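Heads up: the sequence shown begins at 528 in the numbering used here, then just goes up one per residue. Taking it in order: structure first as structure tokens, then the write-up.
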Amino acid sequence: MSNPADAYHDWDVAYLLGSLSPAERREFENHLVSCPVCADNISALAGIPGVLSALSPAQAAELMDPVTTPATAVPRRLARRLAWAGWAAAGAAAGALAARWWWSKDS
Ligand SMILES: [Zn+2]
């Protein structure tokens, strides 16, 4: 069970997706040494980056759409984290497209 009093309990997906700053990453890794709950969450969610890399941003967003995805299909806590991850994936895809456009405009 997660502990809402744990200031790090929502950092797991950001950690796994590489969204934490270097200082935050070190802080979270230091926390993982002494917090079995967060360490277990990291283990449980470790496959998310691989799953998201196989999805398009639209597919990731659709996965979290309550209209198309039954609430019982995804546990609520995982759904919240996947929704965040879906937006992160969409942002990363938009960034990649912007970078591709930026580099291609001069060629
Ligand atoms: Zn913790």
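Yeah, the Cβ is synthetic: ideal placement off N, Cα and C, and Gly gets one too. Remember, predicted model here, so these are calculated numbers, not experimental data.
- Set against 6 Å, the gap from the CB of TYR542 to the closest heavy atom of ligand 1 is not smaller.
- Rounded to whole angstroms, the gap between the alpha carbons of ALA534 and PRO576 is 23 Å.
- At least one heavy atom of ligand 1 is found less than 6 Å from the C-beta of VAL564.
- Of the residues assessed, VAL540 falls on the buried side of the cut-off, its CB having 16 or more other CB atoms within 10 angstroms.
- Around CYS562, the same chain offers ASP533, TYR535 as residues with beta carbons nearer than 8 Å, after the five sequence neighbours per side are excluded.
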